[in-house]
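Heads up: the structure comes next, in structure tokens.
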Amino acid sequence: MTCRLLLVDDHSLIRAGVRALVSDIPGYCVAGEADDGNQLLEHVRNLAPDIVLLDISMRSTSGLDALTQLRASGSTCKVLILSMHTDPDLIMRALESGAHGYLLKDTSATELEQALCALRNGERYLSPAIAHTVINQALLHTQHRKQPNRDRHNLTARQLEILRLIVRGKSTREIASGLGLSIKTVETHRSQIMKRLQIHDVAGLVLYAVREKIISLDD
């Protein structure tokens, strides 16, 4: 089935650019557009989109206010923030308000497709460029927690090393090159990590690594 998208951004050129990118991704279509957060609820009711691509800074009603209203309405559609902002507090507010992903506007077509596929499959997505920002911000709120037992999930030293690199936004190819491993070996480790932790997306790995203090502010 085709995944229906709703674009909400007050810049027509941005909407046109995203619409053009989506047209080249099989299995997705833009079902509608809005240029103001006030129109979000009405468009969601009328168009029943699967995913909303939502800007944060808009006239009249901000994207975060619109997102809060959307969640209060009981809607279960997925929301992918598409923004130029990299402010840690703003990113965390978006995620805490119910966004399923956060994508920067200078993203590539490939990353847009990855983000859409992640949300479509029930996962979450963070742009690698802001993953470290989210990690640091979350760590600031969890430093008081007791040091956990890092071995309770039976991750090997190599898997912990690869996990740290994954949550820092490194690609499989970059990890393989940096550790002197084959891409296939890194993919195998990544699959085993997710299976053992029962986590199936990078955003989940980030939150796990923060909660379990597998990473630190100095990483």
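Taking the UniProt record's numbering, the leading residue of the sequence shown gets 1, the next gets one more, and so forth.
For every residue, glycine included, the Cβ atom is placed at its ideal position computed from N, Cα and C.
{"Item": "Sequence-distant residues of the same chain with beta carbon closer than 7 Å to R152, five excluded per side", "Value": "Its pLDDT being 48, under 50, R152 is placed unreliably by the model, and the measurement read from it follows with that caveat. Once the five neighbours on either side are set aside, R152 has no close Cβ partner at all."}
{"Item": "Close beta carbons around D9, own chain, < 6 Å, minus the five adjacent residues each side", "Value": "R15 and D55"}
{"Item": "Sequence-distant residues of the same chain with beta carbon closer than 6 Å to R124, five excluded per side", "Value": "H100, G101, D201 and A203"}
{"Item": "Where residue 245 falls, given that 16 or more other Cβ within 10 Å makes a residue buried", "Value": "Within the shown structure, residues of the chain are numbered from 1 to 219, placing residue 245 beyond reach of any answer."}
{"Item": "Residues of its chain near A31, where Cβ-Cβ distance is below 7 Å and the 5 sequence neighbours each way are ignored", "Value": "R4, L5, L6, L47 and P49"}
{"Item": "Closest residue to T86 among A157, H132, L41 and A209 (Cα-Cα distance)", "Value": "H132"}
{"Item": "Beta-carbon proximity of G37 to T61, cut-off 8 Å", "Value": "yes"}
{"Item": "Residue span of the alpha helix (DSSP H) that contains C117, given as start and end", "Value": "A109 to R120"}
{"Item": "Where S177 sits in the DSSP three-state scheme", "Value": "helix"}
{"Item": "Whole-number beta carbon distance between L104 and S127, since they are thought to touch under 8 Å", "Value": "5 Å"}
{"Item": "Pick from L13, S12 and K78 that is closest to L44, judged by C-alpha positions", "Value": "According to the sequence as given, residue 44 is Val; it is not Leu. Of L13, S12 and K78, the residue nearest in Cα terms is K78."}
{"Item": "Proximal residues to M1 (C-beta, below 6 Å), its chain only, five neighbours per side dropped", "Value": "none"}
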